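**Q**
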Amino acid sequence: MDNKVLAPLVCGFLAVLSSVFVVRAEDPYLYYTWTVTYGTRSPLGVPQQVILINGQFPGPSLEVVTNNNIILNLINKLDQPFLLTWNGIKQRKNSWQDGVLGTNCPIPPNSNYTYKFQAKDQIGTFTYFPSTLFHKAAGGFGALNIYKRAPIPLPYPSPDGDFTLLIGDWYKTNHKVLQGSLDSGKSLPFPDGILINGQAKTSFTGDQGKTYRFRVSNVGLSTSFNFRIQGHVMKLVEVEGSHTIQNTYDSLDVHVGQSVAFLVTLNQAPKDYYIVASTRFSRNVLTATSFLHYSNSHTAASGTPPPAPRYGYHWSMLQARTYRWNLTANAARPNPQGSYHYGKVPVTKTIVLANSPAWINGKQRYAVNRVSYVNPDTPLKLADHFNIQGIFSESAIQIQPSDGPAFVATPVIPTSLHDFIEVVFQNTESTMQSWHLDGYDFWVVGYGSGPWTQAKRSTYNLVDALTRHTAQVYPKSWTAILVSLDNQGMWNLRSAIWERQYLGQQVYVKVWTSVHSLANEYNIPSNVLLCGKAVGRHP
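Numbered per mature numbering (1 follows the signal peptide of the UniProt record, and there is no 0), the sequence shown spans residues -25 to -1, 1 to 514.
The following block contains the structure:
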């Protein structure tokens, strides 16, 4: 063949081959090595032992892009076993990396484990924190921010910068002492203060006239807070991975385990302004005050810091109902967020979970539908994989509340892959509740006061409810969610209020299919840690 004819054919073939390679290329890999140690800090002015990651308190921020693969080697230099969980990361087909005691053996002291997971089809504001014992009371938490890929537009102009604020209640008491108090049957005392990024006070600097995205997460143990910025309004743009209708607020309630993102334009006179977070619904009000500093400011913040709303639970519930999904915005993939019409999918199962305090064997515990969860020595995921009997029960917990005394067990709720379920959290107590589901986000379709009944479905938002991973439940009230069970595995459904989780207010949901396929779930990792009755087994 003539070279003049052959040359364009070869070039065309190489061009096609190149395009195929680009399409099939793997998403980028990010590699981290984190070392967990104890250290001494004085976040509330008193030296105390805290948990550091690579010497940092809070830990390093994970800043990744949608679909990045994360390879994170965690080295445990504490004197206790340790795990991190990735709060809000869906762990698509990969509950092996969930980082809770039902799915992973804890990392022994002076040992390590390498997490391998992907930020698959997600964008937004998330966190990580320790899931073992009462380590969360000592730190070890940090931000996990997932940014969009270049081809995916945001439903708002790109901000001029990002500020991440990890806000939560804090104790001066050592975490082992707090845990010992719970083990002895006592409840936790009221917290000593509120921290913003591990400090009682801090400052955030921006340029006059520019717009910044604030990522705010509640990393505390037990307390909701209200957030506001003196002289500035907040335009809500994202809640735990969902782009929202862009309403503006003077203040926002953020409950335990939740994250929000909003835009703030520095359109005031050049000076410093108060940033305030204060506890909500507590008899004693704790407040942390920081500062928004204009870069051209020479004037300190003045006047009275903006107060929290005078109104309580009803006001907060009304605010929560204003959070709506932006159905015209792209998500992590180039399709509208509302293209999946969740409100038209038939529900295959309804689960009603009622929380309650429980007094068992002379000690304070917490129960769900009368069952107070206890962690076995063998993770449930390993027991299920190796068919080890007697570790957990799929019949211990009923999916509707019932009368009778509470008892301890290791309950699992069995479900089938691709079920579409309704879960109602019924709060029978006079305190705030906060519930989190690992491996999923879910549509929060309704809030209401009093007991839930089937008639309450008429009040559901079946059009533009947000998807999120943590839902608050107001006192003597209910919250309803819809979940598409498209992620096979063993998933933790727990109270985000850590005392309650530690003392039994949790359960696992097994999402199962008889078809073994890598399209549904990845194989057991080759580096899996084995403990309990799984020791000596071969992955």
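Where is the CB? At the ideal position from N, CA and C, for every residue including glycine.
Here the structure is a predicted model, which is why all the values come from computation and not from measurement.
(1) Taking C-alpha atoms, which residue in I220, A471 and L505 lies nearest to T60?
(2) Shortest alpha-carbon distance to R67 belongs to which of S489, A113, D413 and I456?
(3) Would you kindly report the start and end of the unbroken beta strand (DSSP E) that includes G14?
(4) Under the assumption that H444 contacts D416 (Cβ atoms under 8 Å), give the Cβ distance between them as a whole number of angstroms.
(5) Around the Cβ of I46, are there at least 16 other Cβ atoms within 10 angstroms (buried) or fewer (exposed)?
(6) Per DSSP, which residues does V239 bridge with? Please list them.
(7) Taking K95 and N42 to be in contact with their CB atoms under 8 Å, please state how far apart those CB atoms are, rounded to whole angstroms.
(8) Suppose you measure from the CA of G337 to the CA of D158; what does that come to, to the nearest Å?
(9) Shortest alpha-carbon distance to Q312 belongs to which of A509, G507, T8 and P128?
(10) Less than 8 Å between the CB atoms is what I'm expecting for F116 and T102, so what's the real figure, rounded?
(11) Grab the span of the beta strand (DSSP E) containing Y298 for me, first residue to last.
(12) Run through DSSP, which three-state label would V(-3) get?
(13) DSSP three-state label for W71, please.
(14) CA-CA distance, P514 and K356?
(15) Go ahead and pull the three-state DSSP assignment for F256.
(16) Our contact map puts H230 next to S409 with C-beta atoms below 8 Å; I'd like the distance itself, whole angstroms only.
(17) Rounded to whole angstroms, how far is the Cβ of V486 from the Cβ of N462, which I believe are closer than 8 Å?
(18) Closer than 8 Å by C-beta to N149: which residues in its own chain qualify, once you throw out the five before and the five after it? Chain order, please.
(19) Hey, how far is the Cα of T177 from the Cα of A342?
(20) Which ranges does the alpha helix (DSSP H) cover as unbroken runs of at least 4 residues, wholly within the stretch 101 to 160, from first to last along the chain?
(21) Can you name the start and end residues of the beta strand (DSSP E) that R469 belongs to?
(22) Check this for me: beta carbons of L170 and P281, under 7 Å apart or not?
(23) Which partner residues of Q174 appear in the DSSP bridge assignment?
(24) Is DSSP giving R512 helix, strand or coil here?
(25) With a threshold of 16 other CB atoms inside 10 Å of the CB of A244, please say whether the residue is buried or exposed.
(26) Closest to Q476 by CA distance: which of Q97, Q154 and C80 is it?
(27) If we ignore side chains and look at the alpha-carbon of each, how far apart do L4 and V503 end up?
(28) Any chance the CB of Q481 is under 6 Å from a heavy atom of the ligand MN?
(29) Within the continuous beta strand (DSSP E) that includes W418, where are the two ends?
(30) Between which two residues does the beta strand (DSSP E) holding F200 run?
(31) Pull up the DSSP beta-bridge partners for M209, would you.
**A** The short version:
(1) Your numbering for residue 60 matches position 85 in the sequence shown. The shortest C-alpha separation from T60 is found at A471.
(2) Translated into the one-based positions of the sequence shown, residue 67 becomes position 92. Of the listed residues, the one whose Cα sits closest to R67 is D413.
(3) In the sequence shown, residue 14 corresponds to position 39, counting from 1. Note, G14: beta strand (DSSP E), Y4 to R16.
(4) For the purposes of this step, residue 444 is identified with residue 469 of the sequence shown, where counting begins at 1. For the purposes of this step, residue 416 is identified with residue 441 of the sequence shown, where counting begins at 1. With a Cβ gap of about 5 Å, H444 and D416 count as contacting.
(5) Indexing the sequence shown from 1 puts residue 46 at position 71. Its Cβ having fewer than 16 others within 10 Å, I46 is exposed.
(6) Along the sequence shown, one-based indexing puts residue 239 at 264. BP columns for V239 point to Y187.
(7) What you label residue 95 is simply residue 120 of the sequence shown in a count that begins at 1. What you label residue 42 is simply residue 67 of the sequence shown in a count that begins at 1. With a Cβ gap of about 6 Å, K95 and N42 count as contacting.
(8) The sequence position of residue 337 within the sequence shown is 362, counting from 1. The sequence position of residue 158 within the sequence shown is 183, counting from 1. Looking at the two C-alpha atoms, the distance is approximately 11 Å.
(9) The residue you call residue 312 lines up with position 337 of the sequence shown. Considering only alpha carbons, the answer is P128.
(10) Here residue 116 refers to the residue found at position 141 of the sequence shown. Here residue 102 refers to the residue found at position 127 of the sequence shown. Their Cβ separation, rounded to whole angstroms, is 6 Å, which keeps F116 and T102 in contact under 8 Å.
(11) Taking the first residue of the sequence shown as 1, we reach residue 298 at position 323. First-last for Y298: undefined, no H or E at that position.
(12) Reading the sequence shown from its first residue, position 23 is the one you call residue -3. Low local confidence applies: a pLDDT of 44 at V(-3) is under 50, so the model's placement there is unreliable, with the coordinate-based value given in what follows. V(-3): helix per DSSP, three-state reduction.
(13) The sequence position of residue 71 within the sequence shown is 96, counting from 1. Note: W71 maps to helix in three-state DSSP.
(14) Your numbering for residue 514 matches position 539 in the sequence shown. Your numbering for residue 356 matches position 381 in the sequence shown. If you take the alpha carbons of P514 and K356, they lie about 12 Å apart.
(15) By one-based count along the sequence shown, residue 256 stands at place 281. Three-state DSSP puts F256 in coil, outside helix and strand.
(16) If you number the sequence shown from 1, residue 230 lands on position 255. If you number the sequence shown from 1, residue 409 lands on position 434. Correct: roughly 5 Å between the Cβ atoms.
(17) Locating residue 486 in the sequence shown gives position 511, counting from the first residue. Locating residue 462 in the sequence shown gives position 487, counting from the first residue. Going by Cβ atoms, the distance from V486 to N462 rounds to 6 Å, so yes, they are a contact pair.
(18) As a first step, residue 149 is located in the sequence shown; it is residue number 174 there, counting from the start. So the list reads Q23, Q24 and A113, once near-sequence residues are dropped.
(19) Taking the sequence shown and counting its residues from 1, the one referred to as residue 177 is at position 202. Taking the sequence shown and counting its residues from 1, the one referred to as residue 342 is at position 367. So the two alpha carbons sit approximately 39 Å from each other.
(20) 150 to 158
(21) Position 494 of the sequence shown, counted from the first residue, corresponds to residue 469. G464 to S470 is the span of the beta strand (DSSP E), which, as asked, contains R469.
(22) Within the sequence shown, numbered from 1, the residue matching residue 170 stands at position 195. Within the sequence shown, numbered from 1, the residue matching residue 281 stands at position 306. No, Cβ-Cβ distance for L170 and P281 is not below 7 Å.
(23) Locating residue 174 in the sequence shown gives position 199, where the first residue counts as 1. BP columns for Q174 point to I171.
(24) Here residue 512 corresponds to residue number 537 of the sequence shown, with the count starting at 1. R512 falls in the coil class under three-state DSSP.
(25) On the sequence shown, position 269 is the one that residue 244 refers to. It counts as exposed.
(26) As a position in the sequence shown, residue 476 is number 501, starting the count at 1. The shortest C-alpha separation from Q476 is found at Q154.
(27) Locating residue 4 in the sequence shown gives position 29, counting from the first residue. Locating residue 503 in the sequence shown gives position 528, counting from the first residue. Here the sequence assigns Tyr to residue 4, which means Leu is not the residue at that position. Cα to Cα, Y4 sits roughly 20 Å from V503.
(28) The ligand MN is not part of the structure shown, which contains no ligands of any sort.
(29) Numbered from 1 along the sequence shown, position 443 holds the residue referred to as residue 418. Element bounds for W418: F417 to S424.
(30) Working through the sequence shown from its first residue, we reach residue 200 at position 225. Looking at the DSSP string, the run of the beta strand (DSSP E) that includes F200 is F200 to I204.
(31) Within the sequence shown, residue 209 is the residue found at index 234, counting from 1. Answer by DSSP bridge pairing, in chain order: Y224.
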